[in-house]
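K.L.:
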Amino acid sequence: MARTPKNHALGKALRQAREEHGLTLRAFAKRLERDPGVLSRWETGDRTPRPEQVAQALTSLGINGERYEEVVALAHGADDPNWVATTLPAQRQQLEALIDLERRATKIIEVSPLMIPGLLQTSDYIGAVMKGGGVPESELAARTSRRISRRESVIGHQPAELVAFIGEAALHQVIGDRSVLRAQLRFLDQVAAKPNIELRVVPLASGWHPGLEGLFLLIRSELGEVVHLENRKSGLFLWPDSTSSGSWAATLSSWPAP
Numbered sequence: 001m002a003r004t005p006k007n008h009a010l011g012k013a014l015r016q017a018r019e020e021h022g023l024t025l026r027a028f029a030k031r032l033e034r035d036p037g038v039l040s041r042w043e044t045g046d047r048t049p050r051p052e053q054v055a056q057a058l059t060s061l062g063i064n065g066e067r068y069e070e071v072v073a074l075a076h077g078a079d080d081p082n083w084v085a086t087t088l089p090a091q092r093q094q095l096e097a098l099i100d101l102e103r104r105a106t107k108i109i110e111v112s113p114l115m116i117p118g119l120l121q122t123s124d125y126i127g128a129v130m131k132g133g134g135v136p137e138s139e140l141a142a143r144t145s146r147r148i149s150r151r152e153s154v155i156g157h158q159p160a161e162l163v164a165f166i167g168e169a170a171l172h173q174v175i176g177d178r179s180v181l182r183a184q185l186r187f188l189d190q191v192a193a194k195p196n197i198e199l200r201v202v203p204l205a206s207g208w209h210p211g212l213e214g215l216f217l218l219i220r221s222e223l224g225e226v227v228h229l230e231n232r233k234s235g236l237f238l239w240p241d242s243t244s245s246g247s248w249a250a251t252l253s254s255w256p257a258p
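The sequence shown maps to residues 1 to 258 in the working numbering.
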């Protein structure tokens, strides 16, 4: 069975839960009276456990409450190539899965017509976006820090190749105040010098282009090509076996070079 973004996230959650309790895979398998090979495939996402099997594993580790509910929820529809997240817990899980995929990526293509690409936003820019979106003050620091950690995938050790299509409007849109925008543009100028990062500005006069349909990411990793779309209320993963994902890749491949 091929891995999907959701069963990949489920496997990671199960592995983290086991490791937090100091159990080896073999010891945990013995506790659950299951074959270690089966548990290993659960954790890699190569095999998807049923929700009741996930519940048994978590209960044996003494995990309950909100975390229990969130991990069990991942087991529902985990083999579906498309993963829609509309609740805050599901969106949080998607962000974690997105960060993990980005860190495993060999190439990332980000299309952002109206704002600076998420992978290249400064902390002040992220904070201004979140404040404007109504994020509570008490959550700003933690959520900004988590978002800024995405940057490691393209400027950290062994970074992925990044091609960012930025709408011209994004370079003029004042988010926060003008000092925030100036600092953000200076940061873009700095990262543009990196050999793995290519910035392409899409002029307002360029006519129709894929970015006019909204921002999206195409991530190439061992899972193949995965598309991620996000707005204020929901997130969506499109996995490579999905015809929708293929259409995004085809659209990008036909986009003329600058």
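The beta carbon of each residue, even a glycine, is placed where N, CA and C say it ideally should be. Note that the coordinates shown come from a computational prediction; the quantities given were computed from them, not determined experimentally.
(1) For alanine 257, is the classification buried or exposed, using 16 other Cβ atoms within 10 angstroms of its Cβ as the cut-off for buried?
(2) Give the secondary structure of isoleucine 197 by DSSP, where H, G and I count as helix, E and B as strand, and everything else as coil.
(3) Quick check: leucine 217 and isoleucine 108, are their CB atoms within less than 8 Å of each other?
(4) Could you tell me which residues DSSP puts in a beta bridge with glutamate 225?
(5) Taking only the alpha-carbon atoms, compute the straight-line gap between alanine 75 and phenylalanine 237 and give it to the nearest angstrom.
(6) Quick one: grab the DSSP three-state call for tryptophan 83.
(7) Excluding five sequence neighbours on each side, which residues of the same chain lie with their C-beta closer than 6 Å to the C-beta of isoleucine 219?
(8) For tryptophan 42, count neighbouring C-beta atoms within 10 Å of its own C-beta (all shown protein chains included) and say buried if the count is 16 or more, exposed if not.
(9) Does the Cβ of tryptophan 208 have 16 or more other Cβ atoms within 10 Å, making it buried, or fewer, making it exposed?
(10) Would you give the residue range spanned by the alpha helix (DSSP H) that valine 180 belongs to?
(11) What's the call for arginine 147, buried or exposed, on a 16-neighbour Cβ count within 10 Å?
(12) Hey, is the stretch 12 to 20 in contact with the stretch 58 to 68, meaning 3+ C-beta pairs nearer than 8 Å?
(13) Could you compute how far the alpha carbon of proline 51 sits from the alpha carbon of arginine 178?
P.N.:
Judging by the given coordinates:
(1) Taking the first residue of the sequence shown as position 1, residue 257 is located at position 257. Confidence in alanine 257 is poor, its pLDDT being 49 and thus under 50, which makes the residue's placement too unreliable to answer from.
(2) The residue labelled residue 197 in the question sits at position 197 within the sequence shown. Correct three-state label for isoleucine 197: strand.
(3) For the purposes of this step, residue 217 is taken as residue 217 along the sequence shown, with counting starting at 1. For the purposes of this step, residue 108 is taken as residue 108 along the sequence shown, with counting starting at 1. Taking 8 Å as the cut-off, the beta carbon of leucine 217 is found closer than this to the beta carbon of isoleucine 108.
(4) Reading the sequence shown from its first residue, position 225 is the one you call residue 225. As computed with DSSP, glutamate 225 is found in a beta bridge with Arg220.
(5) Counting from 1 along the sequence shown, the entry for residue 75 is found at position 75. Counting from 1 along the sequence shown, the entry for residue 237 is found at position 237. Between alanine 75 and phenylalanine 237, the C-alpha separation is close to 16 Å.
(6) Along the sequence shown, one-based indexing puts residue 83 at 83. Three-state result, tryptophan 83: strand.
(7) On the sequence shown, residue 219 is found 219 positions in, with the first residue counted as 1. Excluding residues within five positions, the ones whose Cβ falls inside 6 Å are Leu101, Ala105, Ile108 and Val226.
(8) Taking the first residue of the sequence shown as 1, we reach residue 42 at position 42. A residue is called buried when at least 16 other Cβ atoms come within 10 angstroms of its Cβ; tryptophan 42 meets this threshold and is buried.
(9) Here residue 208 is taken as the residue at index 208 of the sequence shown, counted from 1. Flag for tryptophan 208 reads exposed.
(10) The sequence position of residue 180 within the sequence shown is 180, counting from 1. From DSSP, the alpha helix (DSSP H) with valine 180 extends over 178 to 191.
(11) Position 147 of the sequence shown, counted from the first residue, corresponds to residue 147. Classification for arginine 147: buried.
(12) Yes: the two stretches touch, three or more of their Cβ pairs being nearer than 8 Å.
(13) What you label residue 51 is simply residue 51 of the sequence shown in a count that begins at 1. What you label residue 178 is simply residue 178 of the sequence shown in a count that begins at 1. Computed Cα separation, rounded: 50 Å.
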